[in-house]
Amino acid sequence: ENDFDIIHAHDWLAYPAGIAAKNVSGKPLVIHVHATDFDRSGGSVNPVVYNIEKAGMDAADRIITVSNLTRETVIHNYRIDPSKVMTVYNAVEPVGGVYDEYDPRAINDKVVTFLGRITMQKGPEYFIEAAYRVLQVMNNVRFVMAGSGDMMERMIKRAAALNITDRFHFTGFLRGMDVYWMLRLSDVYIMPSVSEPFGISPLEAMQSNVPVIISKQSGVSEILTHAVKIDFWDIDAMADAIHAILTYPALSKMFIEKGRQEVETLKWENSARHVRDVYLDVMN
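Our numbering applies: residue 463 is where the sequence shown begins, and numbers increase by one.
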């Protein structure tokens, strides 16, 4: 009953164990790349982490990546044979009626939300600069940065320097139902990531009937149609998109309705079938 057919290791911390298990058992190794150190570090890779990632990829019989963006990183930055690298996109858990009992809307202002780690990878500084531009032309908007991270103090100081602290709020790290409450409060959700292997949070926002603006430098941008896609560094385009969604109700309604329909088709069972196909392929 302790026999198995495949070893499946997720991300670099698990690769050494996966390699050891393959060496002991002779079973095929599948590794699942959710992110690389190029994503986490912004290009200034840790050589120790890189070498572990590289060893895992070299030893793997098949490599699953969460997007084509990550697949290209694996192939080019780690010099891996493209024939053994497959993309299987993530999905999102259905929320059912989890939002129905909550109606936290208690303010008349529009709310634009960034929800994630406040780190270089997530592009928080671009969100703040776009907020400043929007607040030059609209005064009924509040911006929320929900999360924590090593850039938080710097972002607080930047908001103060731009003199927008009366319209810019830092909540700290949110978990559980607080995340859903924050999404229910939001009129626009923004993910301005510099390098995002996938990015599930925009899917959760779309489930919450919130229009989303995402960076083109993200895996999720490969599968979403009803989202505004901008380059993370294009602050003017980001500000223009925020202004348009907040100003034109018909545009917001279109993104809400089409986005909800689209995200309902992104199911984990479909992703699981693709992973099963990789298993069958490596066993044959």
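The beta-carbon is built from N, C-alpha and C at its ideal position, and this holds for glycine as well.
For residue 701 versus residue 595, is the C-beta spacing smaller than 8 Å? yes
Return the CA-CA distance between residue 556 and residue 651, expressed in angstroms with no decimal places. 19 Å
Quick one: is residue 734 near chain D, going by C-beta distance under 8 Å? No chain D appears in the structure shown, which is made up of a single protein chain.
Quick one: measure Cβ to Cβ for residue 715 and residue 655, integer angstroms, because I've assumed they're closer than 8 Å. About 26 Å separates the two Cβ atoms, so there is no contact after all.
What is the residue span of the beta strand (DSSP E) that residue 448 lies within? Lying before the first or after the last residue shown, residue 448 is absent from the chain, which here runs from 463 to 746.
Which whole-angstrom value describes the C-beta separation of residue 744 and residue 523, a residue pair presumed to lie in contact below a C-beta threshold of 8 Å? 5 Å
Does residue 723 pass the burial test, meaning 16 or more other C-beta atoms within 10 Å, or should it be called exposed? exposed
Report the residue from 669, 659 and 694 whose alpha carbon sits nearest the alpha carbon of residue 675. 694
Suppose the cutoff is 6 Å on Cβ atoms and the five residues either side in sequence are ignored; what does the same chain contact list for residue 614 look like? Contacts found: 580.
Go ahead and label residue 740 buried or exposed: buried means 16 or more other beta carbons lie within 10 angstroms of its beta carbon, across all protein chains shown. buried
Quick check on the DSSP output: the beta strand (DSSP E) that includes residue 736 runs from which residue to which? Premise fails: residue 736 lies in the alpha helix (DSSP H), 730 to 745, not in any beta strand (DSSP E).
Return the chain-ordered list of same chain residues with a C-beta closer than 7 Å to the C-beta of residue 629, the five sequence neighbours on each side being excluded. 597, 603, 604 and 605
Distance check for residue 667 and residue 709, CA to CA, integer angstroms please. 19 Å
Considering residue 689, what are the terminal residues of the alpha helix (DSSP H) in which it resides? Element bounds for residue 689: n/a, residue is neither H nor E.
Do residue 608 and residue 639 have their C-beta atoms closer together than 8 Å? No, these two residues do not count as a Cβ contact at 8 Å.
Pull up the DSSP beta-bridge partners for residue 574, would you. 605 and 650
Between 577, 622, 582 and 480, which lies nearest to residue 642 when the distance is taken from Cα to Cα? 577
For residue 465 and residue 483, I'd like the C-alpha separation in whole angstroms. 12 Å
Go ahead and pull the three-state DSSP assignment for residue 581. Of the three classes helix, strand and coil, the one that applies to residue 581 here is coil, per DSSP.
Rounded to a whole number of angstroms, what is the C-alpha to C-alpha distance between residue 616 and residue 627? In a straight line, the C-alpha of residue 616 is about 13 Å away from that of residue 627.
Strictly by DSSP, which residues pair up with residue 524? 492
Measure the Cβ-Cβ separation of residue 517 and residue 481 and say whether it is below 8 Å. yes
In terms of residue numbering, what span does the alpha helix (DSSP H) encompassing residue 709 cover? 697 to 709
Local conformation of residue 633 per DSSP, three classes: strand
Please classify residue 772 as buried or exposed, where buried requires at least 16 neighbouring CB atoms within 10 angstroms. No answer is possible for residue 772: the residues shown for the chain start at 463 and end at 746.
For residue 613, report the span of its alpha helix (DSSP H) as first-last. Neither: residue 613 is in no alpha helix (DSSP H) and is coded neither H nor E.
Distance CB(residue 670)-CB(residue 637) smaller than 8 Å: no
Could you say which of 574, 510, 511 and 498 lies nearest to residue 538 if we only look at CA atoms? Residue 538 has its Cα closest to that of 498, out of 574, 510, 511 and 498.
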